[in-house]
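Working notes for the structure below.
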């Protein structure tokens, strides 16, 4: 299999051809292309890293917002639009929150036991602890 | 997902911190390993901030980033047909599908980022030709029927591979896969429908559909990876509950599904050796050209150079958008600050 005779080729060449005409008419496009070329360095760092936002989606009225995932965006407005495109392409939501990831405080995973041990041994906080009322109606 | 990697608030007022001594580090590793082993034994999930063996992190980072790259490169063979779709309906469907692939790439980059690798670095590695992606996307999409064959067979193989990954031991990867799998089934069905319509059309259209199936069959089977006895990393991935079934197991299961479905299409699979082995209760297929697989993976496939070139081009062409967005965000932030200062 060789790329010759591949219809992908005519399409891409025709496409880039029309773009190069546009470019000739618009000098600023050349400038942005030069900037783009400068941006891609083999060293790998683009110097333009957008912050991470965590996305929470309310799937329908009456339900809480639930964490859906994360994305990169330069500001809250773009984060919201991006979140809409990325996480609600199929009517998954009626409302979206975006939160800067660095604003979220989380519990320490290393203190798995100690941080959550308070409820341990306090079964009496659950209805199932009380068995004497079994069989009694409406209780 | 990425918040899970963040600085946490300590459970108690933190005691005076000492520099961790080698003994402390060793104890932490031992405790971490014990907890990790327990999670594996219970078939539970590891989350980003948990301790994990360096090799587990490395394996996941490689697998998830390669998966993300595959989604991103995978947009190309189909995007090329958007302008030549046979109807407005097909065009809209194809655009939705290609947009989904972009989304899948982003979910997966997010999952990979929780392992500590910035997305920009991963994208740069792809453009620099340092990262791998699925060999399937280095084959050309020659006719409209290829859109059908790609949806039916390539996305079909991807689904067969990805459904078990929903239960991968690494939480963010599994969650990303759940989302991806939900969306992939539309991809496979629309591909099947394209082929069905062609196979019920003129003799030329039917031939075009058969030709596409013939060309995509073997590359689709090879998507499951090398045979089990030539897949050195599989065993460890299965021990870590990342992989749930071996390459050959998934491939054989997929062949069985294709065999049934191709009958509905009124087409045939280009493999005379497909049979159901009554003894093993498994489907079997004819030999595949693994030398070709390794060639394509090594960068010498029909479209490798073209795919990377297009990726770099697209990134460059998008530079002004990224710059404009950053400049606008900065301007808005400045305005907001001035407003607050005046108030």
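Chains as they are written, first to last, in our numbering: chain U, 1 to 139; chain A, 1001 to 1343. For glycine and all other residues, C-beta sits at the position ideal for the given N, C-alpha and C.
Per-residue burial, residue i [other beta carbons within 10 Å of its own, 16 or more giving buried]
i	result
residue 975/A	There is no way to answer for residue 975/A, as the model of chain A reaches only from 1001 to 1343.
residue 1162/A	buried
residue 1022/A	exposed
residue 1111/A	buried
residue 1056/A	buried
residue 123/U	exposed
residue 1020/A	exposed
residue 36/U	Note that residue 36/U scores 41 on pLDDT, short of 50, meaning its location in the model is unreliable; the coordinates nonetheless yield the value given after this. Flag for residue 36/U reads buried.
residue 1114/A	buried
residue 1187/A	buried
residue 1247/A	buried
residue 1290/A	exposed
residue 1341/A	exposed
residue 1238/A	exposed
residue 1173/A	buried
residue 1037/A	exposed
residue 1224/A	buried
residue 1088/A	exposed
residue 136/U	exposed
residue 1331/A	exposed
Residue i: first and last residue of the uninterrupted alpha helix (DSSP H) it sits in
i	result
residue 1345/A	Here chain A covers residues 1001 to 1343 and nothing more, so residue 1345/A does not appear.
residue 100/U	Run containing residue 100/U: none in the alpha helix (DSSP H); it sits in the beta strand (DSSP E), 95-100.
residue 52/U	No alpha helix (DSSP H) holds residue 52/U; the beta strand (DSSP E) holding it covers 52-58.
residue 135/U	No alpha helix (DSSP H) contains residue 135/U, which DSSP labels as neither H nor E.
residue 1239/A	1234-1239
residue 118/U	Counting along the chain, residue 118/U falls outside any alpha helix (DSSP H), and DSSP gives it neither H nor E.
residue 1161/A	1155-1162
residue 1282/A	Per DSSP, residue 1282/A belongs to no alpha helix (DSSP H); it is in the beta strand (DSSP E), 1282-1284.
residue 68/U	Counting along the chain, residue 68/U falls outside any alpha helix (DSSP H), though it belongs to the beta strand (DSSP E) covering 65-72.
Proximal chain U residues relative to residue i, where beta-carbon distance stays under 8 Å
i	result
residue 1332/A	75 and 77
residue 1047/A	109
residue 1050/A	109
residue 1220/A	Those within 8 Å of residue 1220/A in chain U number zero; the least Cβ separation is about 14 Å.
residue 1030/A	Within 8 Å Cβ-Cβ: nothing; residue 1030/A doesn't reach chain U, min ~14 Å.
residue 1092/A	Those do not exist, as residue 1092/A stays about 13 Å from chain U at its closest Cβ, beyond 8 Å.
Top-ranked residue by Cα proximity to residue i, from the options
i	options	result
residue 1176/A	1049/A, 1068/A, 1034/A and 1273/A	1068/A
residue 1276/A	1164/A, 1253/A, 1292/A and 1263/A	1253/A
residue 979/A	1280/A, 1104/A and 1196/A	Since the first and last residues shown for chain A are 1001 and 1343, residue 979/A lies out of range.
residue 1139/A	1044/A, 1219/A and 1205/A	1219/A
residue 1081/A	1145/A, 1035/A, 1170/A and 1331/A	1145/A
residue 1256/A	1233/A, 1231/A, 1278/A and 1283/A	1283/A
residue 63/U	96/U, 82/U and 86/U	96/U
residue 53/U	114/U, 117/U, 59/U and 69/U	69/U
residue 1124/A	1314/A, 1331/A, 1330/A and 1333/A	1314/A
residue 1122/A	1063/A, 1266/A and 1259/A	1063/A
residue 1046/A	1241/A, 1321/A and 1294/A	1241/A
Chain A contact residues for residue i, given Cβ-Cβ distances below 8 Å
i	result
residue 58/U	Under the 8 Å cutoff, chain A gives no residues; its nearest Cβ is about 17 Å from residue 58/U.
residue 139/U	The contacting residues do not exist; residue 139/U stays about 36 Å from chain A at best.
Endpoints, the beta strand (DSSP E) within which residue i is located
i	result
residue 1110/A	Premise fails: residue 1110/A lies in the alpha helix (DSSP H), 1088-1113, not in any beta strand (DSSP E).
residue 1275/A	1275-1277
Listed by chain order, chain U residues near residue i by CB distance under 9 Å
i	result
residue 1190/A	Under the 9 Å cutoff, chain U gives no residues; its nearest Cβ is about 14 Å from residue 1190/A.
residue 1099/A	85 and 89
Neighbour list for residue i in chain U, Cβ cutoff strictly below 7 Å
i	result
residue 1041/A	Neighbours of residue 1041/A on chain U: none; closest Cβ ~16 Å, over 7 Å.
Residues of the stretch 1103-1131 of chain A in Cβ contact with chain U at a cutoff of 8 Å, in chain order, please. 1103, 1106, 1107, 1110, 1113, 1118, 1119, 1120, 1121, 1124, 1125, 1127 and 1128
Exercise for the section: Mind checking the stretch 112-131 of chain U against chain A and listing, in chain order, the residues whose C-beta falls within less than 7 Å of any C-beta there? Expected result: 114 and 115
For the stretch 1160-1194 of chain A, list every residue whose C-beta sits within 7 Å of some C-beta in chain U, in sequence order.
none
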